[in-house]
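Read the structure below first, then the notes.
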Amino acid sequence: MPGRADLEISRPEEEGTVTKSIAIIGAGGAGLALGCYARMNGYEADIFELHTQPGGLCTSWKRKGYVVDGCLHWLVGSTPAAGGLYQCWKELGALEGRRFIDHENFARVVLKDGREFNLYTNLDRLETHLKELAPEDGTTIDEFINLCRALAKVRMTLGKPKDIQTMVEKIKGFISILPMAIPFIKYEKVSVREFAKKFKNPLLREAFPIAFDIPDFPLIAMAFSIAWMHNRTAGYPVGGSLEFSKAIEKRFLGLGGRIHYNARVDKVLVEGNRAVGLRLADGKERRADLVVSAADGHA
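Counting from 1 along the sequence shown, just add 19 to a position and that's the residue number in this note's numbering.
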């Protein structure tokens, strides 16, 4: 990892060097994470956010006692079994005091005539359910379940950037992704809707793609999601996406970072083909050694 939450923050100024500063545009997940790791590595970090709260698209809101979540339906890396992603969220403070719910049923699809299809997250239960509904589709069902089982064996790792890896680290990284190489090659261009056409059973042909009712949603992404849930490493964070984002904000502020809300960035200042700071909507300029945009490109 580029920075570790369990290590003391290195402070270049204490070593006789000048502390470098970084200006980050956007307090969404990317901006907050970058800010945390910048502080862990000794940078002075300022985040400029045009909204009044953190999170960006990772947000939720409350209405009449309900939490309406606009982002996280599940979080990959919710338990230690997830490996590198869990460690990353832990370092960012996102898991502190957080409770997760692992759903037994990802989706229930009920058609107009009352027929029902359940996308269970346990692969054994899902396989049994599918074969009870459509024994004539045993081969296609096996194909999908075997894909999910293969992806369930993949362990997500987060190591060094490739440009600073040693040859041994690169080889280890390559070996770690081999279990998903064949599934990716075979299914990378197959959508859930396309795969559903392989079913002979009318119920599965109609209901299977509705479970992930997004146009052209990749089958490999659906299978990965079910595989993570089968492993209990993709739970829903109780409290919703906004509370999740606020936890990372708390971590960043605790590390000594600064967030400027209601701070719309009008322009990135450039001198000699190099970004040197920001100009805000109020006309103020903020200089920095490094400038990173973690905002939506359309913003």
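Ideal placement from N, C-alpha and C gives every residue a C-beta, glycine not left out.
Per DSSP, which residues does residue i bridge with? Please list them.
i, result
"His279", "Phe67"
"Phe136", "Val128"
"Ala294", "Val289"
"Lys219", "According to DSSP, Lys219 bridges with nothing at all."
"Trp80", "Val87"
"Pro198", "Answer by DSSP bridge pairing: none, since Pro198 is not bridged."
"Ser210", "Pro237"
Check for me: the alpha helix (DSSP H) holding residue i runs from which residue to which?
i, result
"Glu123", "No alpha helix (DSSP H) contains Glu123, which DSSP labels as neither H nor E."
"Glu290", "Note, Glu290: premise wrong, no alpha helix (DSSP H); beta strand (DSSP E) at Val284 to Glu290."
"Tyr56", "Gly48 to Met59"
"Ala240", "Leu238 to His249"
"Ser264", "Ser260 to Gly273"
"Phe163", "Gly157 to Ala171"
"Thr98", "Per DSSP, Thr98 belongs to no alpha helix (DSSP H) and is neither H nor E."
"Glu110", "Gly103 to Glu110"
"Thr5", "Not covered by the structure: residue 5. The range shown for the chain is 20 to 318."
Among the candidates the options, whose CA atom is the shortest distance from the CA of residue i?
i, options, result
"Ala226", "Pro234, Gly276 and Ala215", "Ala215"
"Arg174", "Tyr56, Glu63 and Lys191", "Lys191"
"Ile201", "Cys167, Lys219 and Asn141", "Cys167"
"Gly54", "Tyr280, Asn250 and Leu272", "Leu272"
"Lys303", "Val310, Thr252 and Leu288", "Leu288"
"Phe67", "Val95, Gly316, Val295 and Ile278", "Ile278"
To the nearest angstrom, how far is the alpha carbon of residue i from that of residue j?
i, j, result
"Pro31", "Gly61", "Interpretation of Pro31 is limited by its pLDDT of 43, a score under 50 that renders its predicted location unreliable; no figure is taken from the coordinates."
"Arg305", "Lys205", "49 Å"
"Val187", "Gly116", "37 Å"
"Lys83", "Asn220", "41 Å"
"Arg134", "Glu151", "13 Å"
"Asn292", "Pro99", "44 Å"
"Asp156", "Asp88", "36 Å"
"Lys217", "Arg224", "8 Å"
"Gly276", "Arg251", "33 Å"
"Tyr280", "Thr78", "16 Å"
"Lys208", "Phe236", "10 Å"
"Arg58", "Gly47", "17 Å"
"Phe193", "Gly103", "16 Å"
"Val310", "Asn141", "45 Å"
"Gly16", "Val86", "Given that the chain is displayed from residue 20 to residue 318, the structure contains no residue 16 and the question cannot be resolved."
"Ile183", "Asp65", "26 Å"
Keeping to the same chain, check which residues put their C-beta closer than 6 Å to that of residue i; ignore five residues upstream and five downstream.
i, result
"Ser312", "Ile44"
"Gly254", "Ser97, Phe119, Ile120 and Asp121"
"Leu138", "Phe125, Ala126 and Ala230"
"Asp308", "Lys39 and Ser40"
"Ala246", "Cys167, Leu170 and Ala171"
"Ile233", "none"
"Leu261", "Gly74, Thr78 and Ser79"
"Val95", "Leu104, Trp247 and Ala253"
Leaving out five residues before and five after residue i in sequence, what residues of the same chain have Cβ atoms less than 7 Å from its Cβ?
i, result
"Lys265", "Pro73"
"Phe179", "Looking at the sequence shown, residue 179 is not Phe but Lys. Closer than 7 Å at Cβ, skipping near neighbours: Glu188."
"Arg283", "Leu69, Leu299 and Ala300"
"Ala113", "Phe263, Ala266 and Ile267"
First and last residue of the beta strand (DSSP E) that includes residue i?
i, result
"Pro256", "Ala253 to Pro256"
"Val311", "Leu309 to Ser312"
"Glu304", "Glu304 to Arg306"
"Ser40", "Ser40 to Ile44"
In chain order, what residues of the same chain lie with their CB nearer than 8 Å to the CB of residue i, ignoring the 5 residues before and after it?
i, result
"Ile196", "Val173"
"Phe203", "Ile239"
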